[in-house]
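So the structure is just underneath, and the comments pick up after that.
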Amino acid sequence: MRIFKKLHRAFKLHRIFIKQDLKRLMEYKIDFMTGAVGLLLAQGVNIFFISIIFSQIPALDGWTFEQILFIYGFALLPKAIDHLFTDNLWSVAYFIIRKGDFDKYLTRPVSTLFAVTVEKFQVDAFGELFVGILLLGISVPSVSLNVSVLNVFLFIISMLFATLIYTGIKLITASISFWTKKSGHITYMFYMVNEFSKYPTTIYNKVVGAIVTYIIPFAFTAFFPASYFVAGGNPWYNIGGTVIAGTVLMIAGILVWNKGVNAYESAGS
Amino acid sequence: MRRIFKIYKPFTHAGVMLAAQYRVNFIFFILGDVLMCFINYFLWKAVFSSGGAQTFMGFSETDMVSYIFISFLTSTLAYSDGSYAVGEEIKDGSIAMRMIKPIRFDLAFLFQELGERTMSISIVFLPLMVGVEIFRFVVTGAVQFNIFRFLLYLLSLVLAYLINFYVNVCYGYSAFVLKNLWGSNLLKNIIIGFLSGATIPLAFLPPVLSAVLNFLPFASLTYTPVMIYIGMYGPVQILTSFGLQIVWLIFFIFLQQVIWNACVKRLSVQGG
Numbered sequence: 011m012r013i014f015k016k017l018h019r020a021f022k023l024h025r026i027f028i029k030q031d032l033k034r035l036m037e038y039k040i041d042f043m044t045g046a047v048g049l050l051l052a053q054g055v056n057i058f059f060i061s062i063i064f065s066q067i068p069a070l071d072g073w074t075f076e077q078i079l080f081i082y083g084f085a086l087l088p089k090a091i092d093h094l095f096t097d098n099l100w101s102v103a104y105f106i107i108r109k110g111d112f113d114k115y116l117t118r119p120v121s122t123l124f125a126v127t128v129e130k131f132q133v134d135a136f137g138e139l140f141v142g143i144l145l146l147g148i149s150v151p152s153v154s155l156n157v158s159v160l161n162v163f164l165f166i167i168s169m170l171f172a173t174l175i176y177t178g179i180k181l182i183t184a185s186i187s188f189w190t191k192k193s194g195h196i197t198y199m200f201y202m203v204n205e206f207s208k209y210p211t212t213i214y215n216k217v218v219g220a221i222v223t224y225i226i227p228f229a230f231t232a233f234f235p236a237s238y239f240v241a242g243g244n245p246w247y248n249i250g251g252t253v254i255a256g257t258v259l260m261i262a263g264i265l266v267w268n269k270g271v272n273a274y275e276s277a278g279s
Numbered sequence: 622m623r624r625i626f627k628i629y630k631p632f633t634h635a636g637v638m639l640a641a642q643y644r645v646n647f648i649f650f651i652l653g654d655v656l657m658c659f660i661n662y663f664l665w666k667a668v669f670s671s672g673g674a675q676t677f678m679g680f681s682e683t684d685m686v687s688y689i690f691i692s693f694l695t696s697t698l699a700y701s702d703g704s705y706a707v708g709e710e711i712k713d714g715s716i717a718m719r720m721i722k723p724i725r726f727d728l729a730f731l732f733q734e735l736g737e738r739t740m741s742i743s744i745v746f747l748p749l750m751v752g753v754e755i756f757r758f759v760v761t762g763a764v765q766f767n768i769f770r771f772l773l774y775l776l777s778l779v780l781a782y783l784i785n786f787y788v789n790v791c792y793g794y795s796a797f798v799l800k801n802l803w804g805s806n807l808l809k810n811i812i813i814g815f816l817s818g819a820t821i822p823l824a825f826l827p828p829v830l831s832a833v834l835n836f837l838p839f840a841s842l843t844y845t846p847v848m849i850y851i852g853m854y855g856p857v858q859i860l861t862s863f864g865l866q867i868v869w870l871i872f873f874i875f876l877q878q879v880i881w882n883a884c885v886k887r888l889s890v891q892g893g
């Protein structure tokens with residue numbers, strides 16, 4: 011029962027913080043809207059690019075246009091969910107620790123990780139979420155998709171753990187700044203690897219394929235689970251891999267974070 | 622000319638110092654961006670092996686790979702964050718300090734940015750260029766590097782940078798009206814990225830659209846230098862595109878002056 015009480019409190023706090031953050035956003039309404047249009051347009055340009063390629067070839071390495079769209083859309087969803095809730099980790103990596111602003115989280119009666127992430131509700135992510143759902147909607151009728159209770163369950167599971175892969179990688183790399191004061195550039199470099207997940211891992215060579223599968227496992231955020239839904243395959247590997255990678259990275263992230271908090275030294279002055 | 626260099630040299634020096642401070646950051650960011658090039662590289666390899674044809678809308682596989690890396694190189698080198706710098710100074714009011722000095726606002730920024738550029742030139746230029754040339758040598762079995770074409774590329778690149786700089790300064794002035802530039806900057810970068818051919822070669826677009834875009838200033842920013850480098854342009858086309866680049870450069874220098882004169886009158890510094 012206590013765990014429910016705790017969860018209830020966390021959700022309540024989250025709601026309050028979201029409200030607070032939306033107020034901040036309203037200050038620069040037009041600027042925010044233009045930015046949102048920009049992000050949508052960026053995805054539009056990418057889709058246009060893919061459709062140009064498919065105007066000349068029937069299939070890419072055996073994958074049809076609709077299958078590629080499905081994988082692409084699938085890739086956007088966990089990215090967006092992570093973006094929505096844990097965007098403040100970027101600020102930790104870039105300046106919160108360097109400026110000594112981390113002090114305030116230490117004084118709060120909730121865990122530091124919760125206090126940091128709850129502070130920012132990144133509405134930009136709705137653009138990715140929207141495009142992701144749109145692409146899945148467009149591609150689903152044309153790919154042979156087996157809609158069953160089990161598959162819906164597996165879809166939700168893979169979304170959840172794919173999100174944890176993103177969060178875990180951000181958490182580990184952002185925590186480095188507890189020791190080095192600043193690690194935004196490291197987070198950026200690792201985070202960019204997620205772009206590899208938009209296309210089938212089969213198009214990469216062996217070395218790159220192994221890196222995005224086993225070392226920085228972004229392939230499990232999109233290609234492996236998505237290809238199970240559109241092309242079949244072994245769910246124990248395709249989705250089990252996502253679950254394992256998400257769990258391992260998230261646990262590692264929390265461990266590194268906690269070690270980092272202990273090592274944190276505030277800025278002078 | 623000598624006098625100008627003497628006056629503005631300290632700004633260049635400051636730019637170099639600024640860039641040196643962020644050297645490690647810069648390398649990581651570039652590595653992250655180079656990853657994108659490799660994604661495109663593998664994507665195009667798959668396209669060519671799936672299509673079975675030798676060319677894709679007039680581009681061979683070697684052309685396409687060169688295009689990916691050289692367009693990345695070009696847009697990195699011709700990159701200007703003038704709009705951000707100008708916007709920030711307008712927002713926090715420090716632009717007032719520049720206005721009381723007997724120097725030209727645009728030139729001070731230009732020389733500072735040239736200093737900052739030295740970093741990206743020294744880190745990015747050689748590795749990418751050599752990489753592309755080795756690749757072209759291995760694939761075609763002959764040296765593709767042509768010193769004459771390379772010099773033309775450099776000239777076109779310098780023009781591209783200058784146009785980009787002035788476009789960005791003009792754009793930065795919109796902070797006089799908008800105050801906050803995050804969103805509109807993002808939108809601008811995406812639109813320019815697409816229209817300048819940094820994302821997709823303009824030749825892949827529908828013919829009418831591609832013809833229009835070739836004439837607009839955007840093509841001068843990335844597409845023209847890249848096409849010259851990979852040898853897709855003949856002598857006539859090279860001359861016309863140089864002409865266009867120069868016309869657009871003069872246009873934006875002029876426009877910048879007009880906007881500046883108009884904006885100075887309505888500058889309001891927030892806070893103090």
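Chains as they are written, first to last, in this note's numbering: chain W, 11 to 279; chain E, 622 to 893. Cβ atoms here follow ideal geometry from the backbone N, Cα and C, with glycine treated the same way.
Chain W residues whose Cβ lies nearer than 9 Å to that of residue i
i	result
E:W881	Ordered by position in chain W, no residue passes the 9 Å Cβ test against E:W881, which lies about 23 Å from the chain.
Start-to-end residues for the alpha helix (DSSP H) that takes in residue i
i	result
W:E76	F75 to T96
E:G762	Unbroken run through E:G762: none, as it is neither H nor E.
W:P235	F233 to A241
W:E37	Unbroken run through W:E37: none, as it is neither H nor E.
E:L652	R644 to G672
E:N882	P856 to V885
E:S831	P828 to F836
E:S741	F726 to S741
W:K180	V159 to S185
W:A229	W:A229 -> no alpha helix (DSSP H), and no H or E assigned at all.
E:I711	G703 to D713
W:I225	Taken as a continuous stretch (DSSP letters only), W:I225 belongs to no alpha helix (DSSP H), as it is neither H nor E.
E:I721	Element bounds for E:I721: n/a, residue is neither H nor E.
Proximal chain W residues relative to residue i, where beta-carbon distance stays under 7 Å
i	result
E:N646	H195
E:A667	L70, D71 and I213
E:F896	Because chain E spans 622 through 893 in this model, residue 896 of chain E falls outside it and cannot be assessed.
Cβ separation of residue i and residue j, assumed to be a contact under 8 Å, to the nearest whole Å
i	j	result
W:T252	W:F234	6 Å
E:A667	W:D71	5 Å
E:F839	E:S817	4 Å
E:A635	E:G736	6 Å
E:T761	E:T683	6 Å
W:M145	W:G48	Correcting the residue type first, residue 145 of chain W is Leu in the shown sequence and not Met. W:L145 to W:G48, Cβ: 18 Å. No contact.
W:V141	W:Q53	4 Å
W:P227	W:I175	6 Å
E:F647	E:I744	7 Å
E:L698	E:I742	6 Å
Neighbouring residues, chain E, relative to residue i (Cβ below 8 Å)
i	result
W:Y115	Within chain E, no residue comes near W:Y115; the closest Cβ sits about 25 Å away, beyond 8 Å.
W:E205	L656, M657 and I660
W:A52	I811
Three-state secondary structure assigned by DSSP to residue i
i	result
E:S681	strand
W:L70	strand
E:P820	It is Thr, not Pro, that sits at residue 820 of chain E in the sequence shown. E:T820 falls in the coil class under three-state DSSP.
E:T843	coil
E:P631	helix
E:T676	strand
W:V120	coil
W:D134	coil
W:A277	coil
W:L155	coil
W:P210	coil
E:G893	Its pLDDT being 46, under 50, E:G893 is placed unreliably in this model, and the coordinates cannot settle the point.
W:E205	helix
E:F771	helix
W:R25	helix
W:N268	helix
E:M622	coil
E:M853	coil
Cross-chain neighbours of residue i in chain E, by beta carbon under 9 Å
i	result
W:L259	What W:L259 touches in chain E: nothing, since even the nearest Cβ is about 19 Å away.
Chain E contact residues for residue i, given Cβ-Cβ distances below 7 Å
i	result
W:T190	Going along chain E, no residue has its Cβ under 7 Å from W:T190, so there is no contact; the nearest lies around 10 Å.
W:I63	V668
W:I67	V668, S671 and G672
Under 8 Å by beta carbon: chain W residues contacting residue i
i	result
E:F663	Y209, I213, Y214, N215 and V218
* Asked: Pairing CB atoms from the region 687–698 of chain E with CB atoms from the region 745–757 of chain E, are three or more of them under 8 Å?
  -> yes
* At least 3 beta-carbon pairs within less than 8 Å: the region 851–864 of chain E vs the region 697–708 of chain E -> no
* Asked: Taking one C-beta from the region 716–734 of chain E and one from the region 669–676 of chain E each time, how about it: are there three or more such pairs within less than 8 Å?
  -> no
* Indicate whether the contact test is met: 3 or more Cβ pairs, each with one atom in the region 219–229 of chain W and one in the region 129–142 of chain W, closer than 8 Å. => no
* Is the number of C-beta pairs between the region 22–34 of chain W and the region 114–133 of chain W that are closer than 8 Å three or more? -> yes
* Does the pairing of the region 179–190 of chain W with the region 260–278 of chain W give three or more beta-carbon distances under 8 Å? -> yes
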